[in-house]
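Scroll down for the structure; my scribbles are underneath it.
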Amino acid sequence: MGDVLAGFHAAWEFESDSVLIRFERGIRTPKLFQALGERRIPLEAIAGVTLAPGKRGTVVLHAVPRPGADPLMEAAAGQLKETSDPYRLVLPADRETLAEYYADELRALLSEDAGPAERFLVTPPEVPLQFKAYDGKASFDGKAVSFRWSWTGASSAKWKAGDQSFPVTGLSGVEWRSPEVFEGHLRLLHRHPAGAAQSAQPDQDPAAVIFGLGYGPVHESLPFAASVLAAVRAAGPAPAAAHAARRDPADIAERIRHLGELHEAGLVTDEEFSTKKAELLAEL
Numbered sequence: 314m315g316d317v318l319a320g321f322h323a324a325w326e327f328e329s330d331s332v333l334i335r336f337e338r339g340i341r342t343p344k345l346f347q348a349l350g351e352r353r354i355p356l357e358a359i360a361g362v363t364l365a366p367g368k369r370g371t372v373v374l375h376a377v378p379r380p381g382a383d384p385l386m387e388a389a390a391g392q393l394k395e396t397s398d399p400y401r402l403v404l405p406a407d408r409e410t411l412a413e414y415y416a417d418e419l420r421a422l423l424s425e426d427a428g429p430a431e432r433f434l435v436t437p438p439e440v441p442l443q444f445k446a447y448d449g450k451a452s453f454d455g456k457a458v459s460f461r462w463s464w465t466g467a468s469s470a471k472w473k474a475g476d477q478s479f480p481v482t483g484l485s486g487v488e489w490r491s492p493e494v495f496e497g498h499l500r501l502l503h504r505h506p507a508g509a510a511q512s513a514q515p516d517q518d519p520a521a522v523i524f525g526l527g528y529g530p531v532h533e534s535l536p537f538a539a540s541v542l543a544a545v546r547a548a549g550p551a552p553a554a555a556h557a558a559r560r561d562p563a564d565i566a567e568r569i570r571h572l573g574e575l576h577e578a579g580l581v582t583d584e585e586f587s588t589k590k591a592e593l594l595a596e597l
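Have a look at this one:
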């Protein structure tokens with residue numbers, strides 16, 4: 314195809330086997346888009362294409378990724394706000410006819426097999442990566458994740474354990490919680506959990522860093538999590554038992570409680586509260 318469709322914050326270039334998304338770096342562009350810069354999405358990573366009315370005289374062209382195809386979306390686990398979804402292209406409503414043309418062209422090129430992908434098809438964010446969390450500094454060089462604790466924010470349990478380094482070969486996955494709704498954290502899941510330490514609260518777990526106001530924002534911590542997750546998957550399949558830590562009932566209950574507090578304070582709408590609560594309960 315080779316054509317370019319420019320919208321707000323991004324431009325999509327349509328090629329015979331992929332869509333090249335180039336994000337703008339303007340002040341109004343979501344910071345996650347600016348951090349991603351450019352992404353090539355193979356057509357085999359796309360399950361479908363939709364076009365729907367947006368807000369304030371816009372239309373939204375949405376390429377729906379296949380489950381398991383993109384490490385960024387897998388790490389996000391449905392927690393991204395619509396405005397930060399890298400698969401949405403927002404355009405003025407007067408370009409709806411043109412957008413529909415490209416949507417039809419894309420649909421014609423997509424495979425009928427839109428089931429979960431067996432491997433990541435989208436390239437993860439490049440290493441080295443690092444970001445400053447509330448209780449320490451996280452860094453990743455492609456082979457190991459390192460946590461260096463901050464004397465002002467780390468718990469006594471983390472200071473007692475000392476600075477940490479985790480080879481990706483010893484990990485089964487990554488648990489990322491967005492700092493935009495809940496108290497965020499990034500937890501590394503071990504292939505062979507030691508027991509209580511893996512199910513501890515994130516502020517007490519030496520395999521986790523927590524996010525506070527101004528620390529570990531989405532545009533820094535999510536690409537980091539995606540890159541680690543891709544490296545873990547490349548190192549080999551994770552044992553089924555390792556996924557249990559992602560469904561810890563105590564963690565789910567605490568997140569629902571915090572969500573309820575945000576709802577009562579008027580920081581989360583009724584619809585957002587119901588949707589997020591249902592998503593959390595589905596993780597049990």
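In terms of my numbering, the sequence shown is residues 314 to 597. Note that beta-carbon positions come from the ideal geometry of N, C-alpha and C, so glycine has one too.
Review point. So, is Ala-558 buried or exposed, given that buried needs 16 or more other C-beta atoms within 10 angstroms?
Key: Translated into the one-based positions of the sequence shown, residue 558 becomes position 245. A caution first: Ala-558 carries a pLDDT of 44, below 50, which makes its placement in the model unreliable, though a value can still be read off. Counting Cβ neighbours within 10 Å, Ala-558 comes out buried, since at least 16 surround it.
Exercise for review: Report the residue from Ala-544, Val-522, Ala-543, Val-545 whose alpha carbon sits nearest the alpha carbon of Ser-534.
Suggested key: For this step, residue 534 is matched to residue 221 along the sequence shown. Selected option, being the one with the closest Cα: Val-522.
Practice item. Could you give the DSSP three-state label for His-503: helix, strand or coil? Key: The count along the sequence shown starts at 1 and reaches residue 503 at position 190. If DSSP states are grouped into helix, strand and coil, His-503 belongs with the strands.
Review point. When the Cα atoms are used, what is the spatial distance from Gly-549 to Arg-369?
Key: The count along the sequence shown starts at 1 and reaches residue 549 at position 236. The count along the sequence shown starts at 1 and reaches residue 369 at position 56. The alpha-carbon atoms of Gly-549 and Arg-369 are separated by roughly 46 Å.
Exercise for review: Measure the Cβ-Cβ separation of Val-373 and Arg-401 and say whether it is below 7 Å.
Suggested key: Counted from its first residue, the sequence shown places residue 373 at position 60. Counted from its first residue, the sequence shown places residue 401 at position 88. Less than 7 Å separates the beta-carbon of Val-373 from that of Arg-401.
Review point. Per DSSP, what kind of secondary structure is Pro-405 in: helix, strand or coil?
Key: In the sequence shown, counting from the first residue as 1, residue 405 sits at position 92. Annotated three-state conformation of Pro-405 is strand, per DSSP.
Review point. Can you list, in chain order, the residues of its chain whose CB lies under 7 Å from that of Ala-539, leaving out five sequence neighbours each side?
Key: As a first step, residue 539 is located in the sequence shown; it is residue number 226 there, counting from the start. Excluding positions up to five away in sequence, the list reads Pro-384, Leu-385, Ala-388, Pro-437, Pro-438.
Review point. Under three-state DSSP, which class holds Glu-351?
Key: Position 38 of the sequence shown, counted from the first residue, corresponds to residue 351. Note: Glu-351 maps to strand in three-state DSSP.
**Study point:** Nearest-angstrom Cα separation, counted from Gly-497 out to His-503
**Key:** Reading the sequence shown from its first residue, position 190 is the one you call residue 503. Reading the sequence shown from its first residue, position 184 is the one you call residue 497. Between His-503 and Gly-497, the C-alpha separation is close to 19 Å.
Practice item. Can you grab the Cα-Cα spacing for the pair Ala-324 / Thr-588, in whole Å? Key: Taking the first residue of the sequence shown as 1, we reach residue 324 at position 11. Taking the first residue of the sequence shown as 1, we reach residue 588 at position 275. Rounded to the nearest angstrom, the two C-alpha atoms are 30 Å apart.
Point to revise | Supposed contact pair Phe-327 and Ala-382 - C-beta distance, whole angstroms, cut 8 Å | key: Along the sequence shown, one-based indexing puts residue 382 at 69. Along the sequence shown, one-based indexing puts residue 327 at 14. In this structure, Ala-382 and Phe-327 do not form a Cβ contact; the two beta carbons are roughly 18 Å apart against a cut-off of 8 Å.
Practice item. Determine the direct distance from the alpha carbon of Arg-335 to that of Ser-491, and round the result to whole angstroms. Key: Position 178 of the sequence shown holds residue 491. Position 22 of the sequence shown holds residue 335. Straight across, the Cα-Cα distance linking Ser-491 with Arg-335 is about 24 Å.
Exercise for review: Since I believe Val-377 is in contact with Arg-420 (beta carbons under 8 Å), could you give me their beta-carbon distance rounded to a whole number of angstroms?
Suggested key: As a working mapping, residue 420 is identified with position 107 in the sequence shown. As a working mapping, residue 377 is identified with position 64 in the sequence shown. Not confirmed; about 11 Å, so no contact.
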